[in-house]
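Here my numbering is used: the first residue of the sequence shown is 223, the next is one more, and so on.
Here a beta-carbon is modelled for each residue, glycine too, at the ideal position from N, C-alpha and C.
Note that the structure is a prediction, hence the values are computed from the model and not measured.
Take a look at the structure below.
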Amino acid sequence: KVPYKGIVISLILVLIPCTIGIYLNAKRPQYVRYVTKGGMIIMLLLSVAIIALSVINVGKSIMFVMTPHLLATSSLMPFVGFLLGYVLSTLLRLNGRCSR
């Protein structure tokens, strides 16, 4: 059975913020900086809240699954991905704007 409801919800949760971001970037670029900073602050607060609630709900056993090695690896993966993309674009001699 295909989970259509979950797929549609996931699609909506991705497309609505993307649409808002594209609209802001195109029509109101002066607000993008404030929205980005506000979004980062909200994301940080929600991340702390989710971690705290997970520890409270699951107990200390979650700390056995979420090891420091795993947390460090998952936080460095986006940086490594961007770095490899930049290195590959430089090796393929793309211009500086395309590399960034």
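In whole angstroms, what is the alpha-carbon distance linking residue i and residue j?
{"i": "M288", "j": "C320", "result": "37 angstroms"}
{"i": "A274", "j": "L313", "result": "44 angstroms"}
{"i": "L305", "j": "L298", "result": "11 angstroms"}
{"i": "V280", "j": "V302", "result": "31 angstroms"}
{"i": "S296", "j": "L310", "result": "22 angstroms"}
{"i": "K259", "j": "Y245", "result": "17 angstroms"}
{"i": "Y256", "j": "L316", "result": "32 angstroms"}
{"i": "N247", "j": "F286", "result": "42 angstroms"}
{"i": "L233", "j": "V270", "result": "25 angstroms"}
Using a Cβ-Cβ cutoff of less than 7 angstroms, which residues in the same chain neighbour residue i once the five nearest sequence positions on both sides are dropped?
{"i": "C240", "result": "none"}
{"i": "V277", "result": "I284"}
Could you check which residue in the options has the C-alpha nearest to that of residue i?
{"i": "G243", "options": "V224, M262, V254 and N279", "result": "V254"}
What does a CB cutoff of less than 8 angstroms around residue i pick up in its chain, not counting 5 residues either side in sequence?
{"i": "K249", "result": "none"}
What are the uninterrupted segments assigned as beta strand (DSSP E) that are 3 or more residues long and contained completely in the region 234-280, given in chain order?
Within the region 234-280, no complete beta strand (DSSP E) segment of 3 residues or longer occurs.
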